[in-house]
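Taking my numbering, the leading residue of the sequence shown gets 77, the next gets one more, and so forth. In this text, a Cβ means the ideal position worked out from N, Cα and C, and glycines have one as well. All values reported here derive from a predicted model rather than from experimental measurement. Reading through the structure tokens given below for one structure.
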Amino acid sequence: MSQLNISDQVEDANRHFMITNENASGGTEARKHNHCNKTITRKDDLRNEFKRALLTNVYGNVTGTVTGNVTVDEDALEDLVDLVPDDSEKDLMQEIYSDALIDLPEALEAPALRFRLLTDDDLSKLPPVEWRIKNVLPSHGLAVVFGPSGSGKSFLVLDMLQSLAIGCEWFGRKVKPCAATYIALEGEAGIAGRVEAYRNHHGATSPNICYVAQPFSLLNADDIKGLAQAIQAAGTGDVVVIDTLSRAAPGSDENDSKAMGQIIASAKMLQDLTGGLVLLVHHTGKDSTRGMRGHSSLLAALDCAIEVKRTGENREWLLAKSKDGEDGASHSFKLETLRLRTDSDGDEITSCVIISNQSAPAIGKKMPTRESNQTIAMAALKEPLSKSEDLDKDGAPQGSPCLRFDHALAIVTPLMPAEGKHKKERAKAALDGLVKNNVMGLKGEWLWVN
77 MSQLNISDQV EDANRHFMIT NENASGGTEA RKHNHCNKTI TRKDDLRNEF
127 KRALLTNVYG NVTGTVTGNV TVDEDALEDL VDLVPDDSEK DLMQEIYSDA
177 LIDLPEALEA PALRFRLLTD DDLSKLPPVE WRIKNVLPSH GLAVVFGPSG
227 SGKSFLVLDM LQSLAIGCEW FGRKVKPCAA TYIALEGEAG IAGRVEAYRN
277 HHGATSPNIC YVAQPFSLLN ADDIKGLAQA IQAAGTGDVV VIDTLSRAAP
327 GSDENDSKAM GQIIASAKML QDLTGGLVLL VHHTGKDSTR GMRGHSSLLA
377 ALDCAIEVKR TGENREWLLA KSKDGEDGAS HSFKLETLRL RTDSDGDEIT
427 SCVIISNQSA PAIGKKMPTR ESNQTIAMAA LKEPLSKSED LDKDGAPQGS
477 PCLRFDHALA IVTPLMPAEG KHKKERAKAA LDGLVKNNVM GLKGEWLWVN
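Next comes the structure, spelled out in structure tokens:
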């Protein structure tokens, strides 16, 4: 193999075919006369065949840019003459070869475009968002259900999966039936009891859910591939639940951006392999008002986040984030305890089921409304944040401008619609509310927009 300029290829190949034609010149004229009645179709077929072979040869050996030198197998160029099955047709070679060479530079200089630019009309023809649970849970992507320990999030997720697998509405919302896999890494000993309780209460459970109770790590590529293979074989990859994220990433520092980035990449790898939705069950931090535990890059990567809250016996799920759904939508529920049987010591074995509780007062956070204190605070901080040169402070997403909390408080306080002595109190409540609603992030003394 050697480096040849396109023009060198042309000259070398022309020289080769001229020599070939001279060697065959003794019978060329007679053969031309004998074949003068060959059809135009045959000539066009030969021309197209030759062009394809020439372009394939060059394309197949191009390295680097198309405007510079290319690597070409010279012997392969010479072998192209073998495309002509009969010496009588070699007089067509020069014409055919010249046509091919005219096409060659244009083809090399205009490779297929990698990106397609869409117009408004193209966008209007794109398929709409597909939902598993209408306006709540998408059919594809990455989602999280999070809440403090004891909030009932695992019971809620199991109830959700049964509704999806059976094809019945979930809290009055339409569902698209599917098959699912539940990886029980926390409380796996109780999963059988939860399924039994659901069956006793509702009369049946769906066979379209498979369960995994073996150890699994999102940090192990072999585990991801092995799990995906098992799910594909069972055909239960529409929704894959990992309960919980912390148990699936043992030893990982969830607050570290690099570690969280690896977790997100691994979850997306599993989602790519299974082709549906990966749903992570996750915890809140010590301060549950600050949202889910760990680095804020997790929330940014999600297509959907459902928060589970509890006040006494009253519980609520709330759509904290949905790219195309109803942010802020919520629904109250309660856990009802069911007696299953007695154990060998005569003690009762119990579990719980989810019961919709529409009469309960809402305890979930609401999104800021127009002209609310939170909206005023956001508008006031927009320009200072855009001009801030403090980036990536204390776990803020990469490239995010940050403000010190005290600085932000000083900006917002004068704008609060309250008496002077209450302005600062209202400003602080507005900023805390923005953080609570995951509109803004806060760590240490630094504040940023999510």
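Less than 8 Å separating the beta-carbons of residue i and residue j?
i	j	result
Ser464	Val525	no
Asp235	Ile430	yes
Val488	Leu523	no
Tyr258	Asp319	yes
Arg386	Val511	no
Leu461	Leu485	no
Val384	Leu353	no
Asp403	Lys410	no
Asn284	Ala255	yes
Gly269	Leu416	yes
Ser408	Asn433	yes
Ala503	Ala453	yes
Val233	Val288	no
Val251	Met368	no
Gly401	Cys380	yes
Glu424	Phe481	no
Gly471	Ser372	yes
His277	Leu414	yes
If you count every other CB in all the chains shown that lies within 10 Å of the CB of residue i, and 16 or more means buried, which is it?
i	result
His358	buried
Lys229	buried
Lys334	exposed
Leu194	exposed
Leu394	buried
Cys478	buried
Arg190	exposed
Lys469	buried
Ala304	buried
Leu27	The requested residue 27 does not occur in the structure, where the chain is confined to residues 77 to 526.
Glu392	buried
Glu262	buried
Gln450	buried
Ser420	exposed
Can you tell me which residues form a DSSP beta bridge with residue i?
i	result
Asn390	Thr387
Leu355	Ala219, Val317
Ile285	Ala256
Val233	Its beta-bridge partners do not exist; DSSP assigns none.
Lys519	Trp522
Val429	Glu412
Leu395	Ile382
Leu303	None; Leu303 has no bridge partner.
Pro460	None; Pro460 has no bridge partner.
Ile242	Looking at the DSSP assignment, Ile242 forms no beta bridge with any residue, so it has no partner.
Leu213	Ile209
Glu424	Thr418
Val251	Ile209
Under a three-way DSSP split, which group does residue i fall into?
i	result
Arg190	coil
Phe409	strand
Met492	coil
Arg527	Lying before the first or after the last residue shown, residue 527 is absent from the chain, which here runs from 77 to 526.
Thr350	helix
Ala297	helix
Thr451	helix
Leu202	coil
Leu479	strand
Glu465	coil
Glu402	coil
Measuring from the CB of residue i, is there a heavy atom of the ligand COA at a distance below 7 Å?
i	result
Ala503	Annotation note on the ligand COA: not contained in the displayed structure, which lists no ligands.
Any contact between the segment 238 to 246 and the segment 362 to 382? By contact I mean 3 or more CB pairs, one from each, below 8 Å. no
Below 8 Å, how does it come out for the segment 320 to 336 and the segment 284 to 297: are there three or more Cβ pairs, yes or no? yes
Segment contact, 8 Å Cβ cut-off, at least three pairs: the segment 191 to 209 with the segment 336 to 343: Too few Cβ pairs lie closer than 8 Å, so no.
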